[in-house]
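What follows is a short report on a single structure.
There are 2 protein chains.
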Amino acid sequence: MIHPSPGGGKVSQVTSAPSRTKRPTMVDVAALAGVSVKTVSRVVNNAPYVQPEVAQRVLAAVAELGFRRNHLASSLRSGQATATIGLLIEEIANPFYATIAGAVAEVASEHDTMLLIASSEENPAREQQLLRDLCARQVDGLLVVPAGEDHAFLRSEVERGTPAVFLDRPAGGLPADTVLIDNRGGAHAGVRQLVELGHRRVGILLDSTAIYTMRERLAGARDALAAAGLADDRLIRYGIRDPETAASVVGDLLDEPDPPTAFFALNNRISLGAVEELHRRGSDAALLGFDDFDLSRLLPYPFTVVAYDTRTLARTAAELLFRRIKGDRSAPRDLLIPTELVNRGLPRH
Amino acid sequence: MIHPSPGGGKVSQVTSAPSRTKRPTMVDVAALAGVSVKTVSRVVNNAPYVQPEVAQRVLAAVAELGFRRNHLASSLRSGQATATIGLLIEEIANPFYATIAGAVAEVASEHDTMLLIASSEENPAREQQLLRDLCARQVDGLLVVPAGEDHAFLRSEVERGTPAVFLDRPAGGLPADTVLIDNRGGAHAGVRQLVELGHRRVGILLDSTAIYTMRERLAGARDALAAAGLADDRLIRYGIRDPETAASVVGDLLDEPDPPTAFFALNNRISLGAVEELHRRGSDAALLGFDDFDLSRLLPYPFTVVAYDTRTLARTAAELLFRRIKGDRSAPRDLLIPTELVNRGLPRH
DNA sequence: TCCCAGGCTGACAACGTTGTCAGATCTTCG
DNA sequence: CGAAGATCTGACAACGTTGTCAGCCTGGGA
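Sequence order for the protein chains is X and S.
If you use my numbering, the first sequence closes out at 368, no skipped numbers anywhere.
If you use my numbering, the second sequence closes out at 368, no skipped numbers anywhere.
Listed below in structure tokens is the structure:
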């Protein structure tokens with residue numbers, strides 16, 4: 020135990036008023052080390068031709084002052100290379116985009132690059148403003164999950180040396196690298212399997228056809244049904260935004276006179292609602308979903324998903340972007356990430 | 020069907036060589052508009068005292084050249100205000116951190132600020148390097164979910180005007196704003212409820228006590244058990260990293276001669292494994308988890324979680340940070356986000 | 001001895017922008 | 001009519017860094 024002596028119990032290492040000291044610059048370091056600013060720059064950047072003992076003096080000064088190179092000034096002067104890329108997604112908190120962000124961050128980190136993330140919130144105007152802002156910050160490249168339909172405004176930026184790679188959805192009005200999921204093929208394969216299992220009436224549940232992925236998946240599903248002569252647009256339900264709506268739509272369809280024996284949910288929010296309703300009713304309708312997700316295997320109803328690897332999607336796009344940043348000027352590429360049919364959910368009863 | 024005519028099937032709107040034009044600067048705009056650079060600056064920044072017709076000319080030149088102000092140069096010259104904050108988390112793809120990132124991005128957007136995100140991957144050395152890098156990029160402030168135990172190295176940065184707010188875990192060796200979950204209180208309340216329900220043997224499942232949140236939750240649980248005279252350290256299992264391990268540990272405990280009648284899983288990865296095993300065995304042991312998660316209500320086993328609002332945690336921290344950025348120099352604050360007991364999972368059978 | 005190459009260093013300008021200041025013009029008021 | 005202000009504009013320096021270049025040494029070869 021230490022006896023607190025009045026006023027002296029604690030060494031006052033904390034200056035009570037946070038003294039907003041100015042950041043030291045190379046000028047300060049140079050003065051302390053007795054060299055020129057340029058020499059400091061050379062030492063800080065590991066440039067050759069500095070006498071070891073001079074370098075030591077400089078490093079000592081750097082340490083004493085707590086100098087950190089100003090990255091802004093550095094990249095302003097040296098032209099490009101802010102070692103930053105911009106990622107534009109719909110919404111960070113959404114697990115799909117979070118996975119994308121994680122994979123992109125990983126690739127970025129492999130290239131000693133930082134990640135500036137912006138959320139468009141599905142708003143094309145906001146998307147445009149954010150992309151412009153990212154360019155104004157001189158990012159070395161852009162990764163974009165498009166919200167809008169028209170990206171012509173990016174053309175001049177791309178021509179001026181900020182490469183852009185689009186992922187999950189195609190760019191509009193701009194020749195650019197694109198990395199997409201095989202939405203159409205995956206939906207086709209899944210629905211064909213339902214047909215082969217003997218299903219003749221397949222309810223299709225989707226959000227808006229204003230969304231590219233929905234259009235593609237719907238097209239794939241229709242193709243597969245049409246190929247078997249089973250196309251029936253009365254079984255398609257649009258505008259499903261959340262699990263609750265999905266559940267009630269599934270209920271409505273099951274209550275009709277000649278109900279579907281199978282459902283195709285075009286995204287995982289819809290799958291979730293469908294699982295809930297089918298489980299509640301003890302139904303034995305087949306369920307096919309698009310998009311896998313973390314806990315799908317623990318849900319209380321067996322279903323098949325058209326799965327794909329979101330990380331591969333994102334890594335592929337990011338790696339392509341870095342090739343562009345490093346100077347690859349070849350023609351824009353369109354890459355397709357394959358899908359796979361996977362069984363999920365817990366067996367019935 | 021389109022007959023491909025040799026070499027002419029497509030209008031060549033794509034300049035084969037993407038001509039890396041230089042970005043126009045205020046100098047270019049000034050020359051085109053026939054004014055000084057400073058006047059361009061004034062127009063671009065909506066400064067007063069520019070004749071409307073001159074402003075028009077400048078804006079026309081801006082539009083014609085596709086000029087965008089260089090944000091780097093701007094914030095270099097004008098001192099601070101990069102309109103960027105840094106967020107350091109463990110791993111972006113993890114839903115917990117994704118939720119944090121989303122909420123932070125939201126608050127940042129309300130302040131017209133962009134978000135630079137970095138992942139420490141639980142590595143203190145990497146954390147330190149990333150935080151330094153963020154400072155070098157002159158961010159206006161830092162939000163940190165600490166990985167390491169010592170953040171004294173940040174002291175000089177904070178004193179030099181980069182405020183930092185820590186969340187979810189406390190900072191080490193640095194007086195700083197901190198926003199934490201009420202881990203201890205939540206665990207205490209949950210376990211007390213188990214005791215009140217008549218449970219006398221509670222298995223406690225956790226990851227490493229090297230993790231702050233684990234220590235706190237464990238302490239809360241022990242307190243509650245001790246208060247009822249039920250403390251029994253033989254029922255505590257450490258080092259559980261993933262659902263699979265959790266499941267097997269639960270199995271082991273249930274196979275012992277005098278098995279627990281209740282389990283407390285200290286995070287949601289562990290809860291998940293416990294749910295799986297309890298469901299598989301058709302057990303009727305009570306389960307208490309810490310951390311709510313999206314699909315918890317659909318899991319096939321009833322359990323109670325100590326829940327909290329991650330978004331509130333993150334928003335609180337972000338708002339505090341922006342108050343600091345705006346100049347609030349009051350003493351560092353410690354805020355506690357409350358928890359709540361919530362029933363989850365589907366009823367047995 | 002001189003010359004030249006290579007190692008080492010610093011002065012200076014420049015990156016693109018904005019703060020400061022001074023000057024020019026115009027209005028207003030005593 | 002003159003002074004005081006308000007409005008408008010541009011020259012210049014500065015933010016912190018790095019590219020360019022010139023110059024200083026030292027040592028080795030002719």
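Glycine included, each C-beta is placed from N, C-alpha and C at the ideal position.
Could you pull out every residue in the same chain whose Cβ sits closer than 7 Å to the Cβ of residue i, ignoring the five residues on either side in sequence?
i         : result
Val73(X)  : Val54 and Thr58
Val77(S)  : Val48, Ala52, Val54, Thr58, Val59 and Val62
Gly192(X) : Asp169, His170 and Ala171
Arg88(S)  : Val63
Grab me the residues of residue i's own chain with a C-beta within less than 6 Å of its C-beta, minus the 5 sequence neighbours each way, in chain order.
i         : result
Ala293(S) : Ala265, Val269, Phe282, Ala284 and Leu306
Gly105(S) : Leu135, Leu153, Val158 and Leu161
Tyr320(X) : Val294, Leu297, His298 and Gly364
Val324(X) : Gly308, Asp311, Val361 and Arg363
Pro366(S) : Pro321
Could you check what DSSP says for residue i in three-state terms: helix, strand or coil?
i         : result
Asn65(X)  : coil
Leu314(S) : coil
Ala117(S) : helix
Arg87(S)  : coil
Ser139(X) : coil
Asn286(X) : coil
Gly292(S) : helix
Gly105(S) : strand
Leu354(X) : strand
Can a CB atom of chain S be found closer than 8 Å to the CB of residue i?
i         : result
Ile223(X) : no
Arg88(X)  : yes
Asp152(X) : yes
Gly346(X) : no
Thr118(X) : yes
Thr197(X) : no
Pro321(X) : no
Pro114(X) : yes
Met133(X) : yes
Ser31(X)  : In this prediction, Ser31(X) has a pLDDT of 33, which is less than 50 and means its spatial position is unreliable; what the coordinates show is noted afterwards. It does not; no Cβ of chain S falls within 8 Å.
Ser267(X) : no
Ala229(X) : no
Gly364(X) : no
Thr40(X)  : yes
Lys253(X) : Looking at the sequence itself, residue 253(X) is Arg, so the reference to Lys does not match. Not one chain S Cβ lies under 8 Å of Arg253(X).
Gln147(X) : no
Does any residue of chain X bring its CB to less than 8 Å from the CB of residue i?
i         : result
Arg300(S) : no
Ile356(S) : no
Gly121(S) : yes
Glu178(S) : yes
Thr335(S) : no
Leu51(S)  : no
Among the options, whose alpha-carbon lies nearest the alpha-carbon of residue i?
i         : options                                       : result
Phe185(X) : Arg234(X), Tyr68(X), Arg367(X) and Arg343(X)  : Arg343(X)
Ala190(X) : Glu168(X), Gly180(X) and Arg348(X)            : Glu168(X)
Asp313(S) : Ser128(S), Ala117(S), Met45(S) and Ala246(S)  : Ala117(S)
Thr101(S) : Arg42(S), Ala92(S) and Leu107(S)              : Ala92(S)
Leu213(X) : Ile200(X), Thr197(X) and Ala243(X)            : Ala243(X)
Phe115(X) : Arg352(X), Glu275(X) and Leu332(X)            : Leu332(X)
Asp386(X) : Leu254(X), Thr197(X), Ser302(X) and Ala229(X) : For residue 386(X) there is no data in the structure shown, the boundaries of chain X being 20 and 368.
Ile223(S) : Ile289(S), Ser175(S) and Leu318(S)            : Ile289(S)
Leu149(S) : Gln147(X), Ala127(X) and Arg151(X)            : Ala127(X)
Ile111(S) : Ala137(S), Arg300(S), Leu225(S) and Asp131(S) : Ala137(S)
Thr335(S) : Ala50(S), Leu318(S), Pro43(S) and Ile119(S)   : Ile119(S)
Let me know if residue i comes out buried or exposed under the rule of 16 or more other beta-carbons within 10 Å of its beta-carbon.
i         : result
Leu216(S) : exposed
Pro71(S)  : exposed
Glu125(S) : buried
Ser227(X) : exposed
Glu359(X) : exposed
Arg348(S) : exposed
Val30(X)  : For Val30(X), the pLDDT reaches just 33, beneath the cut-off of 50, and the residue's location in the model is therefore unreliable, although a value from the coordinates is still provided. Val30(X) comes out exposed.
Glu109(S) : buried
Keeping to the same chain, check which residues put their C-beta closer than 8 Å to that of residue i; ignore five residues upstream and five downstream.
i         : result
Ala79(X)  : Ala52
Ala145(S) : The sequence given here places Arg at residue 145(S); Ala does not occur at that position. Same-chain partners within the cutoff: Ser139 and Ala166.
Asp277(X) : Arg220
Glu263(S) : Gly292
Asp201(S) : Tyr327, Leu355, Ile356, Pro357 and Thr358
Asn142(S) : Ala166
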